[in-house]
Amino acid sequence: MRKILSLLIAGLFVFSSANSQTMADVLRYSFNNPSGSARFLGVGGSMGAMGADYSAISANPGGLGAYWSSEFVVSPSILSSTTNSVFSNFTNNGRSKASLKMDNFGLIVNRKPKTGLIKSFNTAIGMNKIADFNDEFYFNGLTNGTIVERFTERANGRDLDALDNFEGGLAYDAGAVYAPNENNFYLNDFQDVEGRYPYDVQKSQDVDQKGGINELLFGLGANLGNRFLIGATVGVPFLNYEVSKKYEERDDQSEIPGFNSLEFREYVNTSGIGFNFKAGIIAKLTKNFSIGGSIHSPTVYTLTDNYFTQLTYNFTDQGETQELTKTSPDGSFKYKLSTPWKATASVGYKKKVGKIAGFINGDFEWVDYRNGSLNLGKYSSDIGDQVLQEDINDQVGSQLLSVINIKVGGELAYEKFRVRAGYNLLGSPYAADEGFFFPAYSFGLGWREEKYYLDFGWRTQRVTEGYIPYQVIDDDRLQLVENTIKNNKLAITLGFQF
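Here it is as structure tokens:
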């Protein structure tokens, strides 16, 4: 955890202001964990050398060549997320959030040429969910420091007409910062005469995140001589991310002269569309043994952030209590974001003995997170955006690394019944946390009839993350929150073959 927090200090999960992009954006949209069908979920997403599953096509398009019939699938799911937050030795009760989602739907159309090398040819169209951002957490505690220090730093050195509309200017209008001197350095209620912040302040925050990435997929696949399965897809991911924050401070003991309470709200909605290409192959080395490989191009997103902030400041001046609420104008910013290249190598073994059949598969996915990038100057000529772009991309290159994600899964079949299990080790993308993995466990059941099937899949995963509610210049004064997130997902897939 110490390593993760050290990265946060460098700016990974810090929202420097409502309209600023950070390295967190690059990582959030690059760190995908596809789910999709219940079968795919049940084997831990490990089917790279097997194929013949709609969600597996997103990992290795070569699997599209494994179909021998046309098929339609639909997979609703329920995601439950519980987050426990620790702040300044205060453990806050877990916030739970459940949501009903559509993880995938798709159509595969099969054709069997009567002659030639191509034994089966398949066309696919549909949608797979490749990321889910739903999470909610709350923390509170008593620590030294205040978000007004952040507002003051945003205002210092600037004339009144040069203050930004979302933090520094908002704080001035609400009375949180005031009385600039001849050098445009501002005062606030929390500093002493030497400019220090001596007070412990009760603070809390609610954070609610929503959204995900749904990828529209178009694919072609073929079986070549019953030895090679090849495929390629064009992906068009639709991204939506929404975060609402309510941050509060209060002085219940009346120890801070002038200050009573404050509430700072932030809202950001990011939406956009991307484009990518994937290609893959599965080679059947023997009747039972196969290997696979795939490569995924970067996804290039065109994104738009819409945002606003609101500050309510309650204070006492000359014996009179006042409360001012100021709201920023609506902001909007358009930019480009590129995710890294990915490559996957797979190995699989399948066997049938009497009425019992099954397979085991291992996938090894390479992702170089250092290749993610932001292009803030694509639609902006502001020199500040150019500088921020260079800073963020430098952080991506120096503070992230390449990782190997390991996914192992298998299936046993007895007549019409199926049972599945899977295990994942997802590598931490942080350079300071090299060699650390997040585990995930999965289980699944299925039932097969001649023309339809029904599958159930379940996955559980626990992740520890750091969070910083606001950033100040002095790293030693950052507020650090440790979040432990437990995600449970249940998916159901109904498929029809024709």
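Here the sequence shown stands for residues -20 to -1, 1 to 478, numbered as in mature numbering (1 follows the signal peptide of the UniProt record, and there is no 0). Cβ atoms here follow ideal geometry from the backbone N, Cα and C, with glycine treated the same way. Quantities reported herein were computed from a predicted structural model and do not represent experimental measurements.
- Message: Among the candidates TYR293, VAL376, PHE101, SER251, whose CA atom is the shortest distance from the CA of TYR281?
- Response: Nearest option by C-alpha distance: SER251.
- Item | Residue nearest to GLN441 in terms of C-alpha spacing, selected from LEU460, LYS469, ASN463 | When the alpha-carbon of GLN441 is set against those of LEU460, LYS469, ASN463, the nearest one is in LYS469.
- Message: Just to check my reading of the structure: PHE295 and THR307 have Cβ atoms closer than 8 Å, yes? What is that Cβ distance to the nearest angstrom?
- Response: In this structure PHE295 is not in contact with THR307, their Cβ atoms being roughly 18 Å apart against a cut-off of 8 Å.
- Flag ASP83 as yes when its Cβ comes closer than 8 Å to any non-hydrogen atom of the ligand FMN, and as no otherwise. As presented, the structure is devoid of all ligands, the ligand FMN included, so that no description of it is given.
- Message: Pull the bridge partners of GLU229 from the DSSP assignment, please.
- Response: Beta-bridge pairing links GLU229 to LYS183, LEU242.
- Query: Pairing CB atoms from the segment 260 to 277 with CB atoms from the segment 31 to 51, are three or more of them under 8 Å?
  - Reply: By the criterion of at least three beta-carbon pairs nearer than 8 Å, the segment 260 to 277 is in contact with the segment 31 to 51.
- Query: Using the C-alpha atoms, what's the distance from LEU143 back to GLY311?
  - Reply: The straight-line gap from Cα to Cα measures roughly 15 Å.
- Item | Exposed unless 16 or more other CB atoms sit within 10 angstroms - verdict on MET3 | Within a 10 Å sphere around the beta-carbon of MET3 sit 16 or more other beta-carbons, which makes this residue buried.
- Round the Cβ separation of ASN114 and SER79 to the nearest angstrom and send it over; I've been treating them as touching at under 8 Å. Contact between ASN114 and SER79 is confirmed by a C-beta separation of about 5 Å, below the 8 Å threshold.
- Query: Rounded to a whole number of angstroms, what is the C-alpha to C-alpha distance between ARG207 and LEU265?
  - Reply: Distance between the alpha carbons of ARG207 and LEU265 is about 7 Å.
- Going straight from the alpha carbon of ILE210 to that of ILE98, what length do you get? Distance between ILE210 and ILE98, taken at the CA atoms: about 11 Å.
- Query: Is DSSP giving ALA(-11) helix, strand or coil here?
  - Reply: Legend: pLDDT at ALA(-11) = 38, less than 50; position of this residue unreliable, no value from coordinates given.
- Message: Rounded to the nearest angstrom, what separates ILE271 and PRO41 at their Cα positions?
- Response: Cα to Cα, the separation comes out at about 13 Å.
- Message: If the criterion is Cβ atoms closer than 9 Å, does the pair THR319 and SER10 meet it?
- Response: Yes, the Cβ-Cβ distance between THR319 and SER10 is below 9 Å.
- Use the C-beta contact count for MET82: other C-beta atoms within 10 angstroms, 16 or more gives buried, fewer gives exposed. MET82 should be labelled exposed.
- Message: Could you tell me the alpha carbon to alpha carbon distance between GLN459 and LEU122, rounded to whole angstroms?
- Response: Computed Cα separation, rounded: 11 Å.
- Query: Residue range of the alpha helix (DSSP H) that ASP115 falls in?
  - Reply: In the DSSP annotation of this structure, ASP115 is not part of any alpha helix (DSSP H); the continuous beta strand (DSSP E) holding it starts and ends at 115 to 124.
- Task: Go through the segment 234 to 298 residue by residue and report every complete run of the beta strand (DSSP E) that reaches 3 residues or more, in order.
- Result: List check, beta strand (DSSP E) in window: 239 to 264, 269 to 276, 280 to 297.
- Task: May I have the straight-line CA-CA distance separating LEU(-9) from TYR247, to the nearest angstrom?
- Result: The predicted position of LEU(-9) is uncertain, since its pLDDT is 39 and thus under 50; no value can be drawn from it.
- Task: Could you name the residues of the same chain whose beta carbon sits closer than 6 Å to that of SER274, not counting the 5 residues immediately before and after it, in chain order?
- Result: Apart from the 5 residues on each side of it in sequence, SER274 sits with its Cβ closer than 6 Å to the Cβ of ASN40, GLY260, THR324 in its chain, given in chain order.
- Item | Residue ranges of each beta strand (DSSP E) within the segment 333 to 370, 3 or longer | Along the length of the segment 333 to 370, whole beta strand (DSSP E) runs at least 3 residues long occupy 336 to 348, 353 to 355, reported in chain order.
- Go ahead and pull the three-state DSSP assignment for ARG428. In the displayed model, ARG428 falls within a strand according to three-state DSSP.
- Does the Cβ of SER455 have 16 or more other Cβ atoms within 10 Å, making it buried, or fewer, making it exposed? The sequence as given places Asp at residue 455; Ser does not occur at that position. By the neighbour-count rule (16 or more Cβ atoms within 10 Å), ASP455 is not buried but exposed.
- Query: Residues in its own chain within less than 8 Å of LYS92 by CB, not counting five upstream and five downstream?
  - Reply: Closer than 8 Å at the Cβ level, and outside the excluded window around LYS92, lie TRP48, LYS99, SER100, PHE101.
- Host beta strand (DSSP E) of TYR47 (start-end): TYR47 -> no beta strand (DSSP E), and no H or E assigned at all.
- In the structure shown, what three-state DSSP assignment does PHE20 receive? The answer is helix: DSSP assigns PHE20 an H, G or I state.
- Message: Can you give me the C-alpha to C-alpha distance between LEU(-13) and PHE244, rounded to a whole angstrom?
- Response: Residue placement at LEU(-13) is poorly supported in this model, since its pLDDT is 43, which falls under 50; the coordinates are not used for a value here.
- Should ILE193 go down as buried or exposed, given a rule of 16 or more other Cβ atoms within 10 Å for buried? Buried is the call here.
- Of the residues VAL388, VAL383, LEU405, the one placed nearest GLU414, counting alpha carbons only: Nearest of VAL388, VAL383, LEU405 to GLU414, Cα basis: VAL383.
- Message: For a quick check, are the C-beta atoms of ILE236 and TYR450 less than 9 Å apart?
- Response: Contact: no.
- Item | Limits of the alpha helix (DSSP H) - the one that ARG130 falls within | Per DSSP, the continuous alpha helix (DSSP H) segment holding ARG130 begins and ends at 127 to 135.
- With burial defined as no fewer than 16 other Cβ atoms inside 10 Å of the residue's Cβ, what is the status of ASN124: buried or exposed? Exposed, since its Cβ has fewer than 16 Cβ neighbours within 10 Å.
- Per DSSP, SER318 forms a beta bridge with which residues? According to DSSP, which records beta bridges pairwise, SER318 is partnered with VAL280, SER353.
- Sorted by chain position, which residues of the same chain lie with C-beta nearer than 8 Å to SER277's C-beta, five sequence neighbours on each side aside? These residues qualify, in order along the chain: ASN256, PHE257, LYS258, TRP321.
- Message: Below 8 Å on the Cβ atoms is my contact criterion, and I expect VAL53 with GLY86 to pass it. Report the Cβ-Cβ distance as a whole number of Å.
- Response: Going by Cβ atoms, the distance from VAL53 to GLY86 rounds to 5 Å, so yes, they are a contact pair.
- Quick one: is LYS8 buried, meaning 16 or more other Cβ sit within 10 Å of its Cβ, or exposed? Here residue 8 is Arg; the residue named in the question, Lys, does not match the sequence. So ARG8 ends up on the buried side.
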